[in-house]
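In order, the protein sequences belong to chains A and B.
Numbering follows this note's numbering, with no gaps: position 82 of the first sequence is 82.
Take any residue in the second sequence, count from 1 to its spot, add 1000: that is its number in this note's numbering.
C-beta: ideal position from N, C-alpha, C; glycine also.
Everything numeric in this text was worked out from a predicted model, so none of it was measured.
Down below is the structure, laid out as structure tokens.
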Amino acid sequence: AQSVAQPEDQVNVAEGNPLTVKCTYSVSGNPYLFWYVQYPNRGLQFLLKYITGDNLVKGSYGFEAEFNKSQTSFHLKKPSALVSDSALYFCAVRDSSNTGKLIFGQGTTLQVKP
Amino acid sequence: GAGVSQSPSNKVTEKGKDVELRCDPISGHTALYWYRQSLGQGLEFLIYFQGNSAPDKSGLPSDRFSAERTGGSVSTLTIQRTQQEDSAVYLCASSLTGVNTGELFFGEGSRLTVL
């Protein structure tokens, strides 16, 4: 079965520093991977996805993610964090059932301090 | 509309009552999904619609939960005889189709509190 793991419940970084939010996956077949962000009392907003091609994927708000097949990882990164990046981040993998549904990780809270 | 719309945004009900949650997807999106987000937990898949049919209901937690979709558009999630453990945020998402690799677009959710 497809699954994703986000090993950190919370990540703390100082504003201006680089940030990484970790995600590992387990799939049969080709992985289709996604990152979403959720601000307080809001729905999920799509950040970026990896389907095929370049291992470094660029997305919204200056975020990027690196697909690493050998390590089965898809870590989310940003070179310089902003306080406004503080939110809940979810990694997801597309289910193999061809329904398009996504299987989500447990989420990682990112706290960026001034 | 421009995005996925859900109503009500907040619902407080008493244990044992029935509730209905509504989702209006992005126009033209044939795939519709319901998820549940409980406090401190991730997103739990409930049901998937392609058009008006639901080929995947595998996430519905019990027979108290049901959903329908009419006209290939609006969907209603019904919870009968609500229990306190049903308290959660119910999120609806849509995508252009279920078979491509596109992202899901989420509504802002309906927060259900069962007293």
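Look at the alpha carbon of residue i and the alpha carbon of residue j, and state the distance between them as a whole number of angstroms.
i	j	result
Leu-88(A)	Thr-99(A)	25 Å
Lys-1057(B)	Leu-1046(B)	6 Å
Val-1089(B)	Gly-1109(B)	6 Å
Glu-1103(B)	Phe-90(A)	13 Å
Val-93(A)	Leu-1043(B)	12 Å
Ser-1038(B)	Pro-1008(B)	17 Å
Leu-19(A)	Ala-81(A)	6 Å
Gly-128(A)	Gln-1083(B)	For residue 128(A) there is no data in the structure shown, the boundaries of chain A being 1 and 114.
Leu-76(A)	Lys-1017(B)	42 Å
Trp-35(A)	Ile-1079(B)	30 Å
Thr-1076(B)	Val-1099(B)	22 Å
Glu-64(A)	Val-21(A)	11 Å
Val-27(A)	Ser-97(A)	12 Å
Arg-1064(B)	Ser-3(A)	27 Å
Return no unless some Cβ of chain A is closer than 8 Å to the Cβ of residue i.
i	result
Ala-1031(B)	yes
Glu-1103(B)	yes
Asn-1052(B)	no
Gln-1083(B)	no
Leu-1060(B)	no
Tyr-1090(B)	no
Pro-1025(B)	no
Looking at the unbroken beta strand (DSSP E) that takes in residue i, where does it start and where does it end?
i	result
Leu-1021(B)	1019-1024
Arg-42(A)	Note, Arg-42(A): premise wrong, no beta strand (DSSP E); not H, not E.
Lys-22(A)	From DSSP, Lys-22(A) is part of no beta strand (DSSP E); its letter is neither H nor E.
If you drop the 5 nearest sequence neighbours on each side, which residues of the same chain put their C-beta closer than 6 Å to that of residue i?
i	result
Tyr-39(A)	Ala-87
Could you round the C-beta distance between residue i and residue j to whole angstroms and report it? I think they count as a contact, below 8 Å.
i	j	result
Arg-1111(B)	Val-1074(B)	Between Val-1074(B) and Arg-1111(B) the Cβ distance is about 20 Å, and since that is not below 8 Å, they are no contact.
Thr-1097(B)	Ala-1031(B)	6 Å
Asn-12(A)	Gln-111(A)	5 Å
When you compare the CB of residue i with every CB in chain B, is at least one pair closer than 8 Å?
i	result
Gly-29(A)	no
Leu-76(A)	no
Excluding the five sequence neighbours on either side, which residues of its own chain have a C-beta within less than 7 Å of the C-beta of residue i, listed in chain order?
i	result
Ile-51(A)	Tyr-32
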